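Q: Take this structure, written in structure tokens, and hold onto it; I'll ask about it next.
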Amino acid sequence: MSEHNNKNSDLVQNYRQTIGLFATGVTVLIIEHEGEVRCMTANAVSSLSLDPIQLLVCPSKTAAFSEFLQEGAHFSVNILGIHQEELSNFYAGAKTSIGDEQSHYAALFSNSFTAPRLNDCIASFACQIKKQYDGGDHWIVVGEVMELYKNDKTPEPLLFFGGKYHYPQTAEAELIKPAADPYK
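And the structure:
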């Protein structure tokens with residue numbers, strides 16, 4: 134391996150470790166095409182616009198999910214709770230003792246939603262792909278939000294930081310509200 138490749142490899146590894154210090158929520162993206170479903174765990178999800186309501190997802194180009202990406206297709210973004218860590222691992226490819234793949238697809242349901250969504254997630258966004266851009270080894274997908282779902286239970290989000298799952302430990306009364314709405 135050349136010195137340049139070693140430096141690039143070191144930079145990539147250092148970047149992964151450093152960007153991992155940005156705490157995120159954990160989601161599962163779901164897309165369906167002609168009766169086939171593809172799911173993937175993702176934390177590269179971001180709010181984009183309020184008018185129109187849009188969000189960004191950035192799936193790997195090599196992910197099975199990306200096989201079905203095309204303008205106009207529908208997908209869902211499902212925000213996971215702490216009780217869904219095993220689902221996150223399963224859809225990230227880190228298969229655990231959950232059982233066979235079919236049992237996981239049984240956890241999906243539509244319920245008049247535009248795209249399949251995960252049962253018992255904290256929240257879900259059904260989106261239609263409006264634009265797709267090249268982003269190196271990932272796609273940058275702009276999805277227009279068509280439908281929303283919020284679970285009635287008090288949310289306990291599954292968080293990801295430093296390459297590990299984390300769980301909220303702050304009592305609600307202790308939460309500090311931001312000084313300003315970041316979406317205004």
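Mapping to the working numbering: the sequence shown position 158 is 291, numbers consecutive.
Note that CB positions come from ideal geometry on N, CA and C, so glycine has one too.
Bear in mind that the values here come from a model prediction, so they are computed numbers and not experimental data.
#1: So what does Ser199 bridge to, in DSSP terms?
#2: Specify, as a first and last residue, the run of the alpha helix (DSSP H) that Ser221 falls within.
#3: Restricting to Cα atoms, I'd like to know which of Leu162, Ser179 and Glu219 is closest to Ala196.
#4: Classify Thr157 as helix, strand or coil using the three-state DSSP reduction.
#5: Below 6 Å CB to CB, which residues in the same chain sit around Ile215 once its five sequence neighbours on both sides are set aside?
#6: Could you pull out every residue in the same chain whose Cβ sits closer than 6 Å to the Cβ of His207, ignoring the five residues on either side in sequence?
#7: By alpha-carbon positions, which one of Gly158, Asn141, Asp253 and Ile212 ends up nearest to Lys286?
#8: For Ile152, count neighbouring Cβ atoms within 10 angstroms of its own Cβ and tell me buried if that reaches 16, exposed if not.
#9: Would you report the Cα separation of Arg149 and Gly296, rounded to the nearest angstrom?
A: The answer reads as follows:
#1: Here residue 199 corresponds to residue number 66 of the sequence shown, with the count starting at 1. Looking at the DSSP output, Ser199 sits in no beta bridge, so it has no partner there.
#2: For the purposes of this step, residue 221 is taken as the residue at position 88 of the sequence shown. Counting along the chain, the alpha helix (DSSP H) containing Ser221 begins and ends at Glu218 to Tyr224.
#3: Taking the sequence shown and counting its residues from 1, one reaches residue 196 at position 63. With distances taken between CA atoms, Ala196 lies nearest to Leu162 out of Leu162, Ser179 and Glu219.
#4: Locating residue 157 in the sequence shown gives position 24, counting from the first residue. It is a strand residue.
#5: Within the sequence shown, residue 215 is the residue found at index 82, counting from 1. Taken in chain order, the residues that qualify are Glu289, Leu291 and Tyr300.
#6: Translated into the one-based positions of the sequence shown, residue 207 becomes position 74. Around His207: Thr247, Ala248 and Gln261.
#7: Locating residue 286 in the sequence shown gives position 153, where the first residue counts as 1. Nearest of Gly158, Asn141, Asp253 and Ile212 to Lys286, Cα basis: Asp253.
#8: Walking along the sequence shown from the start, residue 152 turns up at place 19. It counts as exposed.
#9: Your numbering for residue 149 matches position 16 in the sequence shown. Your numbering for residue 296 matches position 163 in the sequence shown. Their backbone Cα atoms lie some 9 Å apart in a straight line.
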